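Per the numbering used here, residue 103 is the first one in the sequence shown, and the count goes up by one each step. These notes concern the structure reproduced below.
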Amino acid sequence: MEKFLARLFSTVFHPLLVPTLGTFILFNINSYISYSVPGSLQRLTLLLVFLNTAVAPVLIIVLLKKLKVIGSLFLDERQDRAYPILLSAILFYLTFYLLRQLNLPVLFYYFIGGGTLLIILCFFISLFWKISIHMASFGGLTGAVISTSLLLQSNLFLLISCLILASGLLGFARIKLNAHNSMQVYAGYIAGVLVMILTIIRPF
Numbered sequence: 103m104e105k106f107l108a109r110l111f112s113t114v115f116h117p118l119l120v121p122t123l124g125t126f127i128l129f130n131i132n133s134y135i136s137y138s139v140p141g142s143l144q145r146l147t148l149l150l151v152f153l154n155t156a157v158a159p160v161l162i163i164v165l166l167k168k169l170k171v172i173g174s175l176f177l178d179e180r181q182d183r184a185y186p187i188l189l190s191a192i193l194f195y196l197t198f199y200l201l202r203q204l205n206l207p208v209l210f211y212y213f214i215g216g217g218t219l220l221i222i223l224c225f226f227i228s229l230f231w232k233i234s235i236h237m238a239s240f241g242g243l244t245g246a247v248i249s250t251s252l253l254l255q256s257n258l259f260l261l262i263s264c265l266i267l268a269s270g271l272l273g274f275a276r277i278k279l280n281a282h283n284s285m286q287v288y289a290g291y292i293a294g295v296l297v298m299i300l301t302i303i304r305p306f
């Protein structure tokens, strides 16, 4: 049962889904963001983020597997991660560029820009160590929401608490599945939180 729940958490909170989840959260917190962006533009933004940061990376990973560049679709081995992570960073930057063409609050640009920097950091770390990408991405989401709460002076305590709780469960799941040890889990989460907070808050 624990293994099943661990796999479920790892799937639901997969790194490829976190950017879309983060974008959805930004549009639905009780702030000027949810009121200033028309519904049609919100849907376009969500679609753009989902296609570029979820669908496209999956297709690339499948292609790399077919070309025998990587050994597993799940990127279990550290050496399988370099190309997918690097290509994901490029796709994130493309998303950042495309979003800049839309009339969105600047917070979105820093959210995706911070995600790009986080992926690049994970790429370099993954060259010699297997940092948890799951935890880095969820740490990034947590850091982004904390930054948003501070910048907009919004009370997002409940949401932040839920994200921290989910992060703990996700970390437990990654360890339970023997995907990472505790150090890799903690390092990923801390890196994600710090990169996003520094990226989003510092420009303001």
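Idealized CB from N, CA, C, for every residue including glycine. In this text, all values refer to a predicted model and were calculated from it rather than measured experimentally.
Start-to-end residues for the alpha helix (DSSP H) that takes in residue i
i, result
"ARG145", "141 to 152"
"ARG63", "Since the first and last residues shown for the chain are 103 and 306, residue 63 lies out of range."
"SER284", "284 to 303"
"MET237", "235 to 254"
"PRO117", "No alpha helix (DSSP H) contains PRO117, which DSSP labels as neither H nor E."
"LEU156", "In the sequence under discussion, the amino acid at residue 156 is Ala, which differs from the Leu named in the question. Per DSSP, ALA156 belongs to no alpha helix (DSSP H) and is neither H nor E."
"LYS278", "259 to 278"
"PHE210", "208 to 228"
"SER326", "Residue 326 lies beyond the residue range present for the chain, which begins at 103 and ends at 306; the question has no answer from this structure."
Nearest to residue i (by Cα), restricted to the options the options
i, options, result
"ILE292", "ILE277, ILE266, LEU260 and ASN130", "ILE266"
"HIS236", "MET103, PHE106, LEU110 and GLU104", "LEU110"
"PHE194", "PRO117, SER142 and LEU175", "PRO117"
"SER269", "MET103, GLU104 and ALA108", "ALA108"
"GLY216", "PRO140, VAL160, SER284 and THR250", "THR250"
"VAL139", "CYS264, LEU175, LYS105 and ASN205", "ASN205"
"ASP182", "PHE225, ILE192 and LEU143", "PHE225"
Beta-carbon proximity list for residue i, same chain, < 8 Å, skipping 5 on both sides
i, result
"LEU196", "ASN154"
"ARG202", "TYR211"
"ASP178", "ALA281"
Sequence-distant residues of its chain with Cβ nearer than 7 Å to residue i (five each side left out)
i, result
"ILE227", "ILE233"
"GLY273", "MET237, VAL287 and TYR291"
"SER284", "ILE277"
"PHE198", "TYR211, ILE214, GLY215 and THR218"
Spatial neighbours of residue i in its chain, beta-carbon cut-off 6 Å, leaving aside the 5 residues before and after
i, result
"LEU148", "THR125"
The segment 234 to 252 in contact with the segment 280 to 299 per 3-pair CB rule at 8 Å:
Yes, they touch.
Would you check if the segment 272 to 280 and the segment 214 to 230 touch, i.e. whether three or more CB-CB distances between them fall below 8 Å?
No: fewer than three Cβ pairs fall under 8 Å.
Answer yes if the segment 259 to 273 comes into contact with the segment 297 to 304, meaning at least three C-beta pairs across the two stretches below 8 Å, and no otherwise.
In short, these stretches do not touch, since the Cβ pair count stays below three.
Three or more C-beta pairs under 8 Å: does that hold for the segment 136 to 156 against the segment 110 to 128?
Below 8 Å, enough C-beta pairs join the segment 136 to 156 and the segment 110 to 128 to call them touching: three or more.
Within the chosen definition, does the segment 164 to 174 reach the segment 126 to 144 through at least 3 CB pairs nearer than 8 Å?
Flag = no, the segment 164 to 174 and the segment 126 to 144 do not touch.
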